[in-house]
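Below is one structure, written out as structure tokens, with a few remarks after it.
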Amino acid sequence: MHKSILVMIGALSMGFLASVPAMGEELSKDEAVFVFGGRYYSDHLEDQLNPLGPFGVDYEDNFLIGGGYQRFYLGPEWLRFGWEAGASVGFGEDVRGEAWAGIVGRFDALRIGQVNISASVTGGLSAITNTIGIETDRVAPDANPHLLFYIAPEIGVTLDSNPNLEAFMRVQHRSGGWGLISNMGDGHNATSVGLRWRF
240 MHKSILVMIG ALSMGFLASV PAMGEELSKD EAVFVFGGRY YSDHLEDQLN
290 PLGPFGVDYE DNFLIGGGYQ RFYLGPEWLR FGWEAGASVG FGEDVRGEAW
340 AGIVGRFDAL RIGQVNISAS VTGGLSAITN TIGIETDRVA PDANPHLLFY
390 IAPEIGVTLD SNPNLEAFMR VQHRSGGWGL ISNMGDGHNA TSVGLRWRF
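Position in the sequence shown (first residue = 1) + 239 = our numbering.
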């Protein structure tokens with residue numbers, strides 16, 4: 240069952256990849272690849288809004304590393320829309336794989352001297368091989384945690400001296416979407432930092 244979910248996500252990603260160029264052939268394109276690493280926490284997504292931000296949540300002894308690809312097609316240079324696909328490996332108490340794909344929006348309008356700050360959010364679907372950490376405890380008897388909604392809010396920073404290289408921090412979030420896709424609330428959240436190469 241887990242393999243079929245991953246195959247489905249991959250097929251959807253490839254289908255979207257094949258269809259988007261026809262819709263935006265004349266538009267300028269913005270591509271990126273990225274890698275990241277982070278740590279899962281047992282609190283909810285909104286708990287990152289505490290006064291200490293990512294330093295004020297209760298972290299687990301579970302970690303993740305991953306990477307992905309983005310391509311933007313629509314919008315002006317300062318507000319772009321496209322898609323993202325990625326995969327990660329979680330490890331600690333157990334090992335688990337995750338794959339996701341979704342739509343991403345990116346806002347690039349804040350500049351402080353030679354520093355450019357962006358904000359973005361990705362929303363789509365996430366498939367995992369198995370649960371670890373608090374996500375295992377949150378699974379109700381009638382809930383399916385293997386395919387959930389995926390949301391990844393992010394803040395990124397680039398320098399004028401090297402505009403193609405971006406450092407970022409994002410939160411990886413999985414949930415049932417208030418019961419729309421699975422009978423569970425939060426699945427798992429992770430704080431991560433990474434590097435993106437834009438081209």
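For each residue, glycine too, the CB sits at the ideal point set by N, CA and C.
In this text the structure is predicted, and so the values were computed from the model without any measurement.
Exercise for the section: Within the segment 336-382, note down every full beta strand (DSSP E) run reaching 3 residues or more, in order along the chain. Expected result: 354-367
Exercise for the section: Measuring alpha carbon to alpha carbon, tell me which of TRP436, GLY277, PHE311 and TYR389 ends up nearest ASN401. Expected result: TRP436
Practice task
Rounded to whole angstroms, what's the CA-CA distance from GLY341 to ASP282? Just pull it up for me.
Solution key: 24 Å
Exercise for the section: With DSSP collapsed to three states, give me the class of ASP297. Expected result: If DSSP states are grouped into helix, strand and coil, ASP297 belongs with coil.
Handout entry: Residue from THR397, ASN403, ALA366 and PRO380 whose Cα sits closest to the Cα of HIS412
Key = Residue ALA366 is the option with its Cα nearest to HIS412.
Practice task
Check whether the segment 386-394 touches the segment 346-364, counting contact only when three or more Cβ pairs, one atom from each stretch, lie closer than 8 Å.
Solution key: yes
Handout entry: Cβ-based burial, ALA271 [other Cβ within 10 Å; buried from 16]
Key = So ALA271 counts as buried.
Exercise for the section: Express the C-alpha separation of ASN428 and GLU378 in angstroms, rounding to a whole number. Expected result: The residue asked about is misnamed: residue 378 is Val in this sequence, not Glu. If you take the alpha carbons of VAL378 and ASN428, they lie about 14 Å apart.
Exercise for the section: Could you have a look at ASP269 and say whether DSSP puts it in helix, strand or coil? Expected result: In the structure shown, ASP269 sits in a strand (DSSP, three-state: E or B).
Problem - Reference ASP381; option with closest CA among ASP333, GLY426 and SER421 - result: SER421
Problem - Check whether ILE373 and GLY331 have beta carbons under 8 Å apart - result: no
Problem - Continuous beta strand (DSSP E) stretch holding ASN401: start and end - result: 401-414
Problem - CA nearest to the CA of THR430, picked from GLY321, GLY277 and PHE346 - result: GLY277
Problem - Sequence-distant residues of the same chain with beta carbon closer than 6 Å to VAL432, five excluded per side - result: Cβ within range, chain order: MET408.
Exercise for the section: Could you tell me the distance, in whole angstroms, from the CA atom of GLU264 to the CA atom of GLU405? Expected result: Only weak support exists for where GLU264 lies, its pLDDT of 44 falling under 50; the value from the coordinates is given anyway. Our two residues, GLU264 and GLU405, have alpha carbons roughly 26 Å apart in a direct line.
Problem - Backbone secondary structure at GLU323 - three-state DSSP - result: strand
Problem - For ALA338 and GLY415, the rounded distance between their alpha carbons - result: 16 Å
Handout entry: Touch test, the segment 299-308 against the segment 317-336, Cβ-Cβ under 8 Å, three pairs minimum
Key = yes
Exercise for the section: Compare the C-alpha of LEU398 against each of TRP322, LEU349 and ASP297 and name the closest. Expected result: LEU349
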